[in-house]
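Please read the structure below before turning to the comments.
Number of protein chains: 2
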Amino acid sequence: MTTNAAGPGREFRERELHLNLFIYPGGHHEAAWRHSSSDPDRLLDIRFYQDLARSAEAVTFDGVFFADGPALADNVRYASRFRLEPFTWLSAIAAATERTGLIGTASTTYSEPYNLARLFASLDHLSGGRAGWNIVTTGAPQAAQNFGLDAHPVHAERYERARDFLEAVTKLWDSWEDEALVADQRSGLFADTDRIHTVDHEGPLLKVRGPLNIPRSPQGRPVYVQAGSSEDGRAFAARYAEAIFTAHQTLRSGQDFYADIKKRAARLGRDPGQLLVLPGISPFIASTEAEARRLHEDFNELTQPEYSLELLHRLLGIRLTPQQLDGPVPRELIETQGERGNGSRFQLVLDIVEREQPTVRQLLHRLAGARGHRVFAGTPEQVADQIQQWYEQGAADGFNVMPPWLPGGFDLFADHVVPILRERGLFRSAYTGRTLREHYGLARPASRYAPQGAAVSVA
Amino acid sequence: MTTNAAGPGREFRERELHLNLFIYPGGHHEAAWRHSSSDPDRLLDIRFYQDLARSAEAVTFDGVFFADGPALADNVRYASRFRLEPFTWLSAIAAATERTGLIGTASTTYSEPYNLARLFASLDHLSGGRAGWNIVTTGAPQAAQNFGLDAHPVHAERYERARDFLEAVTKLWDSWEDEALVADQRSGLFADTDRIHTVDHEGPLLKVRGPLNIPRSPQGRPVYVQAGSSEDGRAFAARYAEAIFTAHQTLRSGQDFYADIKKRAARLGRDPGQLLVLPGISPFIASTEAEARRLHEDFNELTQPEYSLELLHRLLGIRLTPQQLDGPVPRELIETQGERGNGSRFQLVLDIVEREQPTVRQLLHRLAGARGHRVFAGTPEQVADQIQQWYEQGAADGFNVMPPWLPGGFDLFADHVVPILRERGLFRSAYTGRTLREHYGLARPASRYAPQGAAVSVA
Ligand SMILES: Cc1cc2nc3c(=O)[nH]c(=O)nc-3n(C[C@H](O)[C@H](O)[C@H](O)COP(=O)(O)O)c2cc1C
Ligand SMILES: Cc1cc2nc3c(=O)[nH]c(=O)nc-3n(C[C@H](O)[C@H](O)[C@H](O)COP(=O)(O)O)c2cc1C
Numbered sequence: 006m007t008t009n010a011a012g013p014g015r016e017f018r019e020r021e022l023h024l025n026l027f028i029y030p031g032g033h034h035e036a037a038w039r040h041s042s043s044d045p046d047r048l049l050d051i052r053f054y055q056d057l058a059r060s061a062e063a064v065t066f067d068g069v070f071f072a073d074g075p076a077l078a079d080n081v082r083y084a085s086r087f088r089l090e091p092f093t094w095l096s097a098i099a100a101a102t103e104r105t106g107l108i109g110t111a112s113t114t115y116s117e118p119y120n121l122a123r124l125f126a127s128l129d130h131l132s133g134g135r136a137g138w139n140i141v142t143t144g145a146p147q148a149a150q151n152f153g154l155d156a157h158p159v160h161a162e163r164y165e166r167a168r169d170f171l172e173a174v175t176k177l178w179d180s181w182e183d184e185a186l187v188a189d190q191r192s193g194l195f196a197d198t199d200r201i202h203t204v205d206h207e208g209p210l211l212k213v214r215g216p217l218n219i220p221r222s223p224q225g226r227p228v229y230v231q232a233g234s235s236e237d238g239r240a241f242a243a244r245y246a247e248a249i250f251t252a253h254q255t256l257r258s259g260q261d262f263y264a265d266i267k268k269r270a271a272r273l274g275r276d277p278g279q280l281l282v283l284p285g286i287s288p289f290i291a292s293t294e295a296e297a298r299r300l301h302e303d304f305n306e307l308t309q310p311e312y313s314l315e316l317l318h319r320l321l322g323i324r325l326t327p328q329q330l331d332g333p334v335p336r337e338l339i340e341t342q343g344e345r346g347n348g349s350r351f352q353l354v355l356d357i358v359e360r361e362q363p364t365v366r367q368l369l370h371r372l373a374g375a376r377g378h379r380v381f382a383g384t385p386e387q388v389a390d391q392i393q394q395w396y397e398q399g400a401a402d403g404f405n406v407m408p409p410w411l412p413g414g415f416d417l418f419a420d421h422v423v424p425i426l427r428e429r430g431l432f433r434s435a436y437t438g439r440t441l442r443e444h445y446g447l448a449r450p451a452s453r454y455a456p457q458g459a460a461v462s463v464a
Numbered sequence: 006m007t008t009n010a011a012g013p014g015r016e017f018r019e020r021e022l023h024l025n026l027f028i029y030p031g032g033h034h035e036a037a038w039r040h041s042s043s044d045p046d047r048l049l050d051i052r053f054y055q056d057l058a059r060s061a062e063a064v065t066f067d068g069v070f071f072a073d074g075p076a077l078a079d080n081v082r083y084a085s086r087f088r089l090e091p092f093t094w095l096s097a098i099a100a101a102t103e104r105t106g107l108i109g110t111a112s113t114t115y116s117e118p119y120n121l122a123r124l125f126a127s128l129d130h131l132s133g134g135r136a137g138w139n140i141v142t143t144g145a146p147q148a149a150q151n152f153g154l155d156a157h158p159v160h161a162e163r164y165e166r167a168r169d170f171l172e173a174v175t176k177l178w179d180s181w182e183d184e185a186l187v188a189d190q191r192s193g194l195f196a197d198t199d200r201i202h203t204v205d206h207e208g209p210l211l212k213v214r215g216p217l218n219i220p221r222s223p224q225g226r227p228v229y230v231q232a233g234s235s236e237d238g239r240a241f242a243a244r245y246a247e248a249i250f251t252a253h254q255t256l257r258s259g260q261d262f263y264a265d266i267k268k269r270a271a272r273l274g275r276d277p278g279q280l281l282v283l284p285g286i287s288p289f290i291a292s293t294e295a296e297a298r299r300l301h302e303d304f305n306e307l308t309q310p311e312y313s314l315e316l317l318h319r320l321l322g323i324r325l326t327p328q329q330l331d332g333p334v335p336r337e338l339i340e341t342q343g344e345r346g347n348g349s350r351f352q353l354v355l356d357i358v359e360r361e362q363p364t365v366r367q368l369l370h371r372l373a374g375a376r377g378h379r380v381f382a383g384t385p386e387q388v389a390d391q392i393q394q395w396y397e398q399g400a401a402d403g404f405n406v407m408p409p410w411l412p413g414g415f416d417l418f419a420d421h422v423v424p425i426l427r428e429r430g431l432f433r434s435a436y437t438g439r440t441l442r443e444h445y446g447l448a449r450p451a452s453r454y455a456p457q458g459a460a461v462s463v464a
């Protein structure tokens, strides 16, 4: 898709703003579930999530997105940090929607390629081509013991497996050519087995014979989304990703990342336009800026230091007590060494500490909003301005919208920010495509085994 | 549930007939997809399956069931033998139904306990307690190479892992007590972590720490269904299963199996009433017996010997050519030795050969219907008579209905057989429960970690 549907009289545009709704149980602010506008009884109710996705679809969002990890967070005592399973959850959401994309996180460290390939192929079939895969190597080190390992594989090892894994599953998704399913009742040929291929993948860590036991899906394969920002993470994204989720606090940091990742993709011979950069934004929205700030404060007052001190330990390796809340962050205690699940988030928090020299409490409040993603309090115009600025000044192709609480925090965005973005000709007013690839303006890959050659296949 | 709702004036019954719809793409007869009443274009369309489940729900079936295996069948050239992925497919079906159970097959050989536990917990949540797990060790030996193994683990090894796996996932499903999710907005206690338990499973083959990262689901855990009939399979079922799918050609064989499995369960201290035996039945239905037989013949004429010779090779280890179709089955070539995925199906086919001394073509037609399950051609009354006889004479607690083609073959059952079964007071006219456990009359297990003790937990 190279044009948008901004409405009659608007110019056709080559480039188009993309928006996802990032769904976190209750919302992204750690205290969202405690706020009077939340209904904690609905947190396990699929209809709550189906309604959210329908709301996103009603304002023509590109997709909805679920994070994931195969372990329980210790601080579930203080916040809604259980993990709904994305494949099941998104499949039920698919059944309640028609157009919006469905992006699920799945780990290359703790999944089997053949099983994961089947789950995504099925999701793509049943949703009519709306599946996206947020490829992660898993941040939470405590996942290891849920899979019989003594320790989480180190960063470089995880990325080695991730590459191997991507090669294997991409081959599996290519293993049925588009024309392989014949189903000719008269001749009795159900599948043309000359067009179904074993893949015989033999990587450094993984061996997979194939073929997949599911015909090629509407999108060929799910859209590849990635969310790592380390050196390994960027190299991986530049090679494989079609969209990148990323966290930035400042326009400058967003621009640097954007330029870097597009350059890396170009250097690998890819079209940088086929790799979308989508930073997170978590906006508190009200009719005046002062009101929006008060709203943000209301949420911060509901936070529990025990929760965020745990988060701080995870992010910076630093263990502090509630007694230290109103002192400075003791820089010298920050563990800059050692294996950390989330290297890029570490850098981001360190930058806040250096730039703003916050008290511990102030830092915790900065993180409470969206775990390091950009939190912003303002009027609908101010939110739209920020989005436009990042979009036009080379920091973003769109955004992962992370409402502080749900559904109210998203309704404000849908009702007040989306109309402004449309008014400015930035965002579509109607879907022009059916699949997530079409919403994102991404090409549908050909099977590497198809006679015309592996035109768009990776690697 | 100890009573049924057969309608006003009917006696309350202690025992109740159970019926599942076993859904196979196109139907169970190998040539179903070629028949003029089939629409091969709908085989990958989720709405086709949602409609089927709605039809099953409309006649108060206990559940729908999907088989599965992580490999492609060689004979996909001749029949619709791809494999929709059950978790995604059932989740989308859950969203289109309210009451009917959702039973998915998943392998203990080729899954990770933590991932599988999450998939079922989520399916159970999003369906309001309708999930069932058909526990298999995987029949298809060619699955091995899709998971980097040189060979399919041998039968005894697969069952050893299955037992270990069951212990591990059962603990995971117990790891959150029912009361662990508090979500008290005022106090800020989201989850009572004293009621969430690591499981520290250390079995012969599997190590899993836990806890699960999803709160306890409506049914506590999915209903445990099993479908193995070998010695190991029966021992496993007697210990863990709450329902058993099984294939029998004669009343006598069904009775023997039923008596044996109930006795085994009792010997392990279980209530035999909490272990349902559900044989498969694949009925061709028409208003006269002659017409039903003709219908069956119509389907048989569409079969392709290449397909079933492949199946025969898999079941009996015997390789025959189309030239041998009209001769006798050369008994001396049947490989009775060696590792075979499906030991009990082997015995069943061998019994047919000995009892009926069929030609190769006749045997292939016997298998074409439902891969060894009981195929039956008759009037609605005759089908109901068979069901009643097996139910009342100690061969079945219900049936896995395997329509030869879909949806038509099921519509005939729903429209013509179900009313007779209701008329006779055998089958419910309305659901009395909401969950699959309630439909099946099975107790909801308590968490082994709950203070009152592990009253109903397995092992
Ligand atoms: C928007 C966003 C969402 C993420 N979601 C997940 C997630 O669901 N699960 C996970 O394990 N990591 C998640 N991450 C973390 C990254 O995927 C990645 O694992 C982490 O940043 C470590 O990789 P890196 O060192 O290359 O940055 C997310 C990151 C971002 C920016
Ligand atoms: C109704 C029914 C359905 C079955 N479905 C599957 C299936 O989906 N996948 C599978 O691998 N095996 C399936 N089986 C086979 C058994 O689960 C089991 O793996 C096989 O019988 C070998 O075990 P056994 O030697 O104990 O009988 C099914 C069997 C029956 C009777």
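Which chain is which? The protein sequence lines are B and A, in order. For the first sequence, the numbering used here assigns the number 6 to the initial residue and increments by one for each residue that follows. For the second sequence, the numbering used here assigns the number 6 to the initial residue and increments by one for each residue that follows. Backbone N, C-alpha and C define an ideal beta-carbon position, used for all residues, glycine too. Bear in mind the structure is a predicted one, so any value in this text is a computation, not a measurement.
For Gly32/A, no beta strand (DSSP E) encloses it, and the DSSP letter there is neither H nor E. The alpha carbon of Ile28/A has as its nearest neighbour, out of Asp261/A, Ala37/A, His206/A, the alpha carbon of Ala37/A.
Arg257/A sits in a helix when the DSSP states are folded into three classes.
Put simply, the CB of Leu89/A is near chain B, with a gap under 8 Å to one of its CB atoms. Counted as a single uninterrupted DSSP element, the alpha helix (DSSP H) harbouring Val423/B occupies residues 423-428.
The C-alpha of Phe418/B is placed about 15 Å away from the C-alpha of Gly403/B.
Under the 8 Å criterion on CB atoms, Pro75/A is classed as interfacial with respect to chain B.
By the 16-neighbour rule on beta-carbons within 10 angstroms, Ser313/B is buried. Beta-bridge analysis with DSSP links Trp138/B to Gly109/B, Tyr229/B.
The continuous alpha helix (DSSP H) containing Ile392/A extends over residues 385-397.
With its beta carbon less than 8 Å from one in chain A, Ser85/B belongs to the interface. Boundaries of the alpha helix (DSSP H) harbouring Ala240/B: 236-245, taken from the DSSP string. A Cβ of chain B is located within less than 8 Å of the beta carbon of Pro45/A. Taking 7 Å as the cut-off, one finds no heavy atom of ligand 2 near enough to the beta carbon of Asp179/A. Between Leu217/B and Asp169/B, the CB-CB gap reaches or exceeds 8 Å. Within chain A, the residues whose beta carbon sits less than 8 Å from that of Asn120/B are Pro75, Tyr115, Ser116, Asn120, listed in sequence order.
Between the C-alpha atoms of Gln224/B and Gln279/B there is a straight-line separation of about 15 Å. Between the region 123-131 of chain A and the region 68-76 of chain A, the count of C-beta pairs closer than 8 Å stays below three; the two stretches do not touch.
In this structure, the C-beta of Asp237/B approaches ligand 1 to less than 7 Å from one of its heavy atoms. Put simply, the region 395-415 of chain B does not touch the region 352-364 of chain B. Fewer than three CB pairs are less than 8 Å apart. Considering only beta carbons, the part of the region 123-140 of chain A lying closer than 9 Å to chain B consists of Arg123, Leu124, Phe125, Ala126, Ser127, Leu128, His130, Leu131, Ser132, Gly133, in chain order.
Interface annotation, Ile51/B: in contact with chain A, CB-CB separation under 8 Å. Residue contact with chain A for Thr142/B: absent (no Cβ-Cβ distance below 8 Å to any residue of chain A). Taking one beta carbon from each stretch, the region 169-180 of chain B and the region 201-208 of chain B have 3 or more pairs nearer than 8 Å; the two touch. Checking the 7 Å criterion, the Cβ of Asn405/A is within range of a heavy atom belonging to ligand 2. Leu317/A is a Cβ neighbour of Leu325/A, given a cutoff of 8 Å. For the C-beta of Gln224/A, not a single chain B residue is nearer than 8 Å; the gap to the nearest is close to 14 Å. Gly374/B has a beta carbon lying at 8 Å or more from every beta carbon in chain A. For Ala126/A, the enclosing alpha helix (DSSP H) stretches over residues 118-131. In terms of side-chain proximity, the C-beta atom of Gly74/A is found nearer than 7 Å to a non-hydrogen atom of ligand 2.
Judged by pairs of C-beta atoms under 8 Å, the region 437-452 of chain B does not touch the region 154-167 of chain B, as fewer than three such pairs exist. Where Phe415/B is concerned, the enclosing alpha helix (DSSP H) starts and stops at 413-417.
The C-beta distance from Ala173/B to His206/B rounds to 4 Å, short enough to meet the 8 Å contact threshold. Look at Ala248/B here: in three-state DSSP terms it is strand. Nearest C-alpha to Pro288/B among Thr113/B, Leu107/B, Ala382/B, Asp56/B: Ala382/B. Burial of Lys267/B is indicated by the presence of at least 16 other C-beta atoms within 10 angstroms of its C-beta.
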